[in-house]
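What follows is a single structure, written as structure tokens, with notes after it.
There are 2 protein chains.
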Amino acid sequence: MNIEKNIAIWAKGSTVLMVEQNKLPFSYEIYESKTYKQTAIAIKTMITRGAGSIGAAAAFAMMQAIIEAPDNNFQEYINNAKKEIEATRPTARDLFAATERVYNASKISIQNAIDEAFLVTKEISDSCKNIGILGNTLLKNDARILTHCNAGWLALVEHGSALAPIYEAHKHKKNIFVYVNETRPRSQGARLTAWELNQANVKHAIIADNAAAWYMLQNKIDIVITGADRIAANGDTANKIGTLEKAIVAKEFEIPFYIAAPSSTFDFSIKTGNQIIIEERNPEEVLYQKGLDQNGDIKTIRVASEGSTALNPAFDVTPYKYITGFITEKGILKPEELMVLTQT
Amino acid sequence: MNIEKNIAIWAKGSTVLMVEQNKLPFSYEIYESKTYKQTAIAIKTMITRGAGSIGAAAAFAMMQAIIEAPDNNFQEYINNAKKEIEATRPTARDLFAATERVYNASKISIQNAIDEAFLVTKEISDSCKNIGILGNTLLKNDARILTHCNAGWLALVEHGSALAPIYEAHKHKKNIFVYVNETRPRSQGARLTAWELNQANVKHAIIADNAAAWYMLQNKIDIVITGADRIAANGDTANKIGTLEKAIVAKEFEIPFYIAAPSSTFDFSIKTGNQIIIEERNPEEVLYQKGLDQNGDIKTIRVASEGSTALNPAFDVTPYKYITGFITEKGILKPEELMVLTQT
Numbered sequence: 006m007n008i009e010k011n012i013a014i015w016a017k018g019s020t021v022l023m024v025e026q027n028k029l030p031f032s033y034e035i036y037e038s039k040t041y042k043q044t045a046i047a048i049k050t051m052i053t054r055g056a057g058s059i060g061a062a063a064a065f066a067m068m069q070a071i072i073e074a075p076d077n078n079f080q081e082y083i084n085n086a087k088k089e090i091e092a093t094r095p096t097a098r099d100l101f102a103a104t105e106r107v108y109n110a111s112k113i114s115i116q117n118a119i120d121e122a123f124l125v126t127k128e129i130s131d132s133c134k135n136i137g138i139l140g141n142t143l144l145k146n147d148a149r150i151l152t153h154c155n156a157g158w159l160a161l162v163e164h165g166s167a168l169a170p171i172y173e174a175h176k177h178k179k180n181i182f183v184y185v186n187e188t189r190p191r192s193q194g195a196r197l198t199a200w201e202l203n204q205a206n207v208k209h210a211i212i213a214d215n216a217a218a219w220y221m222l223q224n225k226i227d228i229v230i231t232g233a234d235r236i237a238a239n240g241d242t243a244n245k246i247g248t249l250e251k252a253i254v255a256k257e258f259e260i261p262f263y264i265a266a267p268s269s270t271f272d273f274s275i276k277t278g279n280q281i282i283i284e285e286r287n288p289e290e291v292l293y294q295k296g297l298d299q300n301g302d303i304k305t306i307r308v309a310s311e312g313s314t315a316l317n318p319a320f321d322v323t324p325y326k327y328i329t330g331f332i333t334e335k336g337i338l339k340p341e342e343l344m345v346l347t348q349t
Numbered sequence: 006m007n008i009e010k011n012i013a014i015w016a017k018g019s020t021v022l023m024v025e026q027n028k029l030p031f032s033y034e035i036y037e038s039k040t041y042k043q044t045a046i047a048i049k050t051m052i053t054r055g056a057g058s059i060g061a062a063a064a065f066a067m068m069q070a071i072i073e074a075p076d077n078n079f080q081e082y083i084n085n086a087k088k089e090i091e092a093t094r095p096t097a098r099d100l101f102a103a104t105e106r107v108y109n110a111s112k113i114s115i116q117n118a119i120d121e122a123f124l125v126t127k128e129i130s131d132s133c134k135n136i137g138i139l140g141n142t143l144l145k146n147d148a149r150i151l152t153h154c155n156a157g158w159l160a161l162v163e164h165g166s167a168l169a170p171i172y173e174a175h176k177h178k179k180n181i182f183v184y185v186n187e188t189r190p191r192s193q194g195a196r197l198t199a200w201e202l203n204q205a206n207v208k209h210a211i212i213a214d215n216a217a218a219w220y221m222l223q224n225k226i227d228i229v230i231t232g233a234d235r236i237a238a239n240g241d242t243a244n245k246i247g248t249l250e251k252a253i254v255a256k257e258f259e260i261p262f263y264i265a266a267p268s269s270t271f272d273f274s275i276k277t278g279n280q281i282i283i284e285e286r287n288p289e290e291v292l293y294q295k296g297l298d299q300n301g302d303i304k305t306i307r308v309a310s311e312g313s314t315a316l317n318p319a320f321d322v323t324p325y326k327y328i329t330g331f332i333t334e335k336g337i338l339k340p341e342e343l344m345v346l347t348q349t
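Top line first, the protein sequences correspond to chains A and B.
According to the working numbering, the first sequence is numbered sequentially starting from 6.
According to the working numbering, the second sequence is numbered sequentially starting from 6.
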């Protein structure tokens with residue numbers, strides 16, 4: 006695989022380019038989207054995924070709609086586009102923050118909206134860089150870190166959120182080891198986080214999601230860091246299904262549990278996690294698995310009993326009481342300190 | 006599939022017959038083993054699996070060795086066989102209990118050993134029937150039950166342990182619903198428990214192992230019941246990896262957490278779970294998945310990133326403090342009441 010730069014999504018003119026994450030880790034391809042509709046589909050089908058990358062994709066999709074919109078139907082076209090983009094992934098806060106900003110910028114001029122889309126993306130990337138620098142202060146030499154899902158550069162345009170401190174620690178030659186939760190049903194841990202860490206030569210091993218508590222009980226995990234999809238004003242955090250379970254067991258064993266996220270992931274318009282809509286995805290994600298066969302071809306197989314169905318909530322909400330702190334670009338904050346982020 | 010009887014393992018003369026559980030749920034086949042070595046391999050490769058079925062297989066394997074043993078080398082042959090059988094699955098208490106009993110019975114006569122092997126198997130089956138009757142008293146109408154791995158009739162010769170109360174409740178026309186943890190890495194929940202429940206027309210859905218806490222937080226789970234592989238005198242319980250995590254989150258949400266197991270699974274020779282040896286299995290069980298392709302052929306695919314490895318503990322130990330009670334054939338017991346089982 007020839008990876009020129011560790012960037013998940015970018016734009017050239019009105020064309021959006023993104024790493025085709027459904028094909029990773031088996032092949033590295035760049036998906037080109039020419040229209041807002043194509044970009045919306047790319048978000049929905051998870052060609053691009055992860056809080057920040059969804060935010061950037063939504064910003065660029067909104068930008069594409071604004072560029073495409075006919076003069077005689079401008080407002081209706083971009084209003085419809087905004088709704089369509091926002092319907093793709095209901096849980097992701099960054100998505101709504103991004104469409105809103107680019108949409109509002111278009112009230113001044115089309116060029117202003119284009120600039121705003123690029124700025125949204127740059128801000129996510131810059132924030133993550135800072136999250137890495139700040140989060141690294143939490144990682145001692147010989148730290149053993151557990152992470153869930155993928156909150157690396159694939160998920161956040163560049164650098165990552167949960168993985169940013171890990172990359173920073175590795176850059177500073179700290180000896181670290183990462184336990185990578187497989188993260189069923191879509192296995193973003195085994196497929197994407199493991200792939201990223203392998204590329205970066207960070208020591209790691211994949212574990213079944215079931216194994217985390219067992220390693221904690223044996224004192225083999227020092228800290229847990231995950232990303233987030235939406236964080237309420239009180240710190241309740243929506244993230245990949247399973248995050249709640251890891252947070253509860255971490256608390257039981259008094260292991261610090263951190264959420265790493267740029268401030269764009271915080272939604273101060275909602276007081277608690279009860280107001281977060283949880284996306285229910287297709288049961289087939291649980292019942293079938295995709296992977297490489299012996300010939301190197303990508304195959305989909307049924308891994309569950311034929312007569313049975315599945316329930317597939319994509320996210321859960323972790324109440325703030327299980328969260329030690331939030332690693333943001335503006336500082337490492339306790340749940341009760343989050344209001345700092347509303348101050349400019 | 007033509008399933009004549011819901012029995013996982015039995016013997017005719019010196020031939021052991023078992024449901025080929027590696028092929029389920031995709032095909033139902035009976036595996037015939039003619040020698041103790043074949044039966045030992047069947048245990049090791051998980052053709053038969055689950056605490057009680059391993060116990061029965063071990064009893065029959067010991068019996069086969071005793072029948073096969075040449076007169077001029079009887080004692081050495083059966084001593085070696087015992088070691089070989091016991092090395093197949095180090096965590097399973099029933100295995101050691103079974104080989105010990107049949108081995109000791111051979112001191113009287115070969116026929117006595119044969120009778121003992123059949124008795125071991127019958128006792129597991131009878132115990133499980135009782136576990137069903139007793140456990141059913143814990144299940145209210147409209148109960149929503151979470152189970153982990155497979156502790157059904159496949160795992161325990163007949164009836165099951167964790168599933169026995171569910172079958173009994175269903176027989177009594179209670180309206181129940183079972184959340185079936187997929188149970189990665191070998192997916193015994195999605196493959197075997199779902200298959201059993203579907204056969205029996207019990208309402209259920211498979212969930213990713215990550216989703217259990219989320220359903221608990223939403224008050225959608227009333228009780229958790231799992232099986233066990235070995236239980237120490239104080240109630241610490243070795244069971245499928247992930248059991249510990251489910252027990253901790255159940256306690257957090259004050260949901261009763263029960264272990265269902267026949268008394269053969271209790272090991273009063275060890276005081277606590279610290280003395281239980283945990284089997285570490287091949288990383289490939291995490292990195293690869295087996296299932297049915299579109300043509301109905303069984304295929305194995307790699308589901309994880311190529312450059313990465315995995316850690317694969319097969320079991321974990323749940324400290325007794327997380328366990329509400331034990332559903333045994335002799336009663337439903339709290340951890341501090343387990344010594345009752347040592348009285349005849």
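Ideal Cβ positions, reconstructed from N, Cα and C, are used throughout, including at glycine.
Check: Contacting positions in the region 267-300 of chain B - beta carbon closer than 9 angstroms to chain A; Outcome: Ile283, Pro288, Glu290, Val291, Leu292, Tyr293, Gln294, Lys295, Gly296, Leu297, Asp298 and Gln299
Check: Minimum C-alpha distance to Ile236(B) - residue among Ile181(B), Gly330(B) and Asp298(B); Outcome: Gly330(B)
Check: Supposed close pair Ile83(A), Ala70(A) - CB separation, criterion 8 angstroms; Outcome: 5 angstroms
Check: Touch test, the region 136-150 of chain B against the region 166-180 of chain B, Cβ-Cβ under 8 angstroms, three pairs minimum; Outcome: yes
Check: Neighbour flag for Leu159(B) against chain A, beta carbons, 9 angstroms; Outcome: no
Check: Proximal chain A residues relative to Lys28(B), where beta-carbon distance stays under 7 angstroms; Outcome: Simply none; closest approach about 12 angstroms.
Check: Outcome for Val322(A) when other beta-carbon atoms lying within 10 angstroms are tallied against a minimum of 16; Outcome: buried
Check: For Gly301(A) and Ala118(A), the rounded distance between their alpha carbons; Outcome: 43 angstroms
Check: Nonlocal neighbours in the same chain, by C-beta distance under 8 angstroms from Thr20(A), ignoring five residues either side; Outcome: Glu37, Ser38 and Lys39
Check: Close beta carbons around Asp298(B), own chain, < 6 angstroms, minus the five adjacent residues each side; Outcome: Lys304
Check: Collapsed DSSP secondary structure at Arg94(B) in the structure displayed; Outcome: coil
Check: Residue range of the alpha helix (DSSP H) that includes Lys295(A); Outcome: No alpha helix (DSSP H) contains Lys295(A), which is instead part of the beta strand (DSSP E) from Tyr293 to Leu297.
Check: Where Asn287(A) falls, given that 16 or more other Cβ within 10 Å makes a residue buried; Outcome: exposed
Check: Residue span of the alpha helix (DSSP H) that contains Asp321(B), given as start and end; Outcome: First-last for Asp321(B): Phe320 to Thr323, but that is the beta strand (DSSP E), not the alpha helix (DSSP H).
Check: Test item: CB-CB of Arg196(B) and Asn155(B) under 9 angstroms; Outcome: yes
Check: Reference Gln204(B); option with closest CA among Glu81(B), Gln26(B) and Pro30(B); Outcome: Pro30(B)
Check: 7 angstroms Cβ shell around Pro340(B) - same chain, five flanking residues per side excluded; Outcome: Asn239, Gly240, Tyr325 and Ile328
Check: Beta carbon proximity, Val229(B) to chain A, threshold 9 angstroms; Outcome: no
Check: Contact belief for Thr370(A) with Glu289(A) at Cβ below 8 angstroms, rounded distance in angstroms; Outcome: The requested residue 370(A) does not occur in the structure, where chain A is confined to residues 6 to 349.
Check: Runs of beta strand (DSSP E) wholly within the region 204-259 of chain A (minimum 3 residues, chain order); Outcome: 209-212, 228-231, 235-237 and 242-245
Check: Residues of the region 204-232 of chain A with Cβ closer than 7 angstroms to any Cβ of chain B, in chain order; Outcome: His209, Ala210, Ile211, Ile212, Ala213, Asp214, Asn215, Ala216, Ala217, Ala218, Trp219 and Leu222
Check: Amino acids of chain B, ordered along the chain, whose beta-carbon sits closer than 7 angstroms to that of Arg307(A); Outcome: Gly296 and Leu297
Check: Neighbour-count burial assignment, Ile35(B), 16 or more Cβ in a 10 Å radius; Outcome: exposed
Check: is_contact[Pro95(B), chain A] using C-beta, thresh 9 angstroms; Outcome: no
Check: Tyr33(B), DSSP secondary structure in three states; Outcome: coil
Check: Arg106(A), DSSP secondary structure in three states; Outcome: helix
Check: 9 angstroms Cβ cut-off: residues of chain A touching Asp234(B); Outcome: Near Asp234(B) there are no residues of chain A at all, since even the closest Cβ is about 14 angstroms away, more than 9 angstroms.
Check: Within-9 angstroms CB hit, Thr188(A) to chain B; Outcome: yes
Check: Close-in-space but distant-in-sequence residues of the same chain around Val115(B) (CB under 8 angstroms, 5 per side omitted); Outcome: Per the sequence presented here, residue 115(B) reads as Ile, with Val not at that position. Excluding sequence neighbours, Ile115(B) sits near Ile71 and Ile72.
Check: Counterpart residues of Val345(A) in DSSP-defined beta bridges; Outcome: Answer is none; Val345(A) lacks a bridge partner.
Check: Burial state of Ala213(A) (16 or more Cβ within 10 Å); Outcome: buried
Check: Delimiting residues of the alpha helix (DSSP H) encompassing Ile135(A); Outcome: Per the sequence shown, the amino acid found at residue 135(A) is Asn instead of Ile. That run of the alpha helix (DSSP H) goes Ile115 to Asn141.
Check: Any C-beta of chain A under 9 angstroms from that of Ala148(B); Outcome: no
Check: Ala61(B) versus Asn279(B): straight-line alpha-carbon distance, rounded; Outcome: 26 angstroms
Check: Residues sharing a beta bridge with Lys304(A), DSSP; Outcome: Gly296(A)
Check: Whole-number beta carbon distance between Asn85(A) and Glu334(A), since they are thought to touch under 8 angstroms; Outcome: Contact doesn't hold; Cβ gap of about 33 angstroms is too wide.
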